[in-house]
Amino acid sequence: MFTGLIEATGTFARLAQGLGGMARLALRVPDGFGPVGLGDSVAVNGVCLTAVQVDAHALEMDVLDETLGRTNLGELRPGERVNLERALTPSSPIGGHYVTGHVDDPGTVLRRTRSRQGRDWVFEIGVDAKYMPFIAPKGSIAVDGISLTVVEAREASFSVHIIPHTFTATTLGDRAEGSRVNIEIDIMARYIANSIQRMGNAAGGTALTKEFLAEHGFA
91 MFTGLIEATG TFARLAQGLG GMARLALRVP DGFGPVGLGD SVAVNGVCLT AVQVDAHALE
151 MDVLDETLGR TNLGELRPGE RVNLERALTP SSPIGGHYVT GHVDDPGTVL RRTRSRQGRD
211 WVFEIGVDAK YMPFIAPKGS IAVDGISLTV VEAREASFSV HIIPHTFTAT TLGDRAEGSR
271 VNIEIDIMAR YIANSIQRMG NAAGGTALTK EFLAEHGFA
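The sequence shown begins at 91 in the working numbering and counts up one residue at a time.
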């Protein structure tokens with residue numbers, strides 16, 4: 091489990107194809123990132139991976155072909171920056187929102203513009219429309235592992251505002267229009283939607299009105 095607060099950016103070194111649908115991802119990491127031990131979980135662009143080889147300035151992780159296909163990790167170029175975050179511990183502060191590191195799908199940066207004030211950036215990100223019921227204004231979402239707040243939600247896209255620190259301290263500053271980014275919807279939104287759907291199914295397809303929800307404890 092992660093918070094979506096990026097600790098550092100590393101750089102992609104190589105991706106070596108292995109056997110049995112597995113590849114080895116190698117990263118260079120900056121001084122001060124760690125400690126990371128063998129077997130520890132690290133989010134790389136929001137993807138939860140396990141460290142299988144560790145030294146002071148490098149990490150290696152095994153990655154399934156399915157993960158490469160569902161995320162932007164398979165598109166990395168040597169020297170490209172990646173967002174890094176170590177897993178939560180019982181004493182970790184929760185500054186963002188709960189992020190599992192299980193990416194739902196890649197999204198696409200549709201527009202990248204300056205805000206009206208000229209300091210912040212506004213990103214509009216396109217996603218499969220099936221995820222939009224889980225994305226709401228002022229709700230949380232993880233983009234390349236970064237905990238962000240949704241500003242607007244449309245039929246198949248949403249927008250977020252990026253402050254200067256996040257723009258420079260993460261890979262978002264490197265993302266041009268057309269770039270693919272890893273999207274993880276808020277786990278709480280997923281559970282709530284699942285619960286409501288199951289309640290409706292249990293009621294024989296009864297419409298989920300305010301009255302029905304109040305009757306079942308959602309007043």
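Quick reminder that beta carbons are idealized off the backbone N, C-alpha and C, glycines included.
For Glu-156, the enclosing alpha helix (DSSP H) has its first and last residue at 155 to 160. In this structure, the alpha-carbon of Ala-279 lies about 33 Å from that of Glu-150. If the five residues before and after His-147 are omitted, its C-beta is found closer than 7 Å to the C-beta atoms of Arg-118, Val-119, all from its own chain and listed in chain order. Asp-234 is classed as buried because its beta carbon has at least 16 other beta carbons within 10 Å across all chains shown. DSSP lists Pro-196 as the bridge partner or partners of Asn-272. Between the beta-carbon of Val-142 and that of Asp-152 there is about 6 Å, and that keeps the pair under the 8 Å contact cut. Cα atoms of Ala-266 and Arg-201: separation of roughly 8 Å, rounded to the nearest angstrom. When C-beta atoms of the region 182 to 190 are compared with those of the region 254 to 262, fewer than three pairs fall below 8 Å, so the two segments do not count as touching. In this structure, Gly-268 and Thr-198 form a Cβ contact; the two beta carbons are roughly 7 Å apart against a cut-off of 8 Å.
Taken in chain order, the complete alpha helix (DSSP H) segments of 4 residues or longer contained in the region 234 to 288 are 254 to 259.
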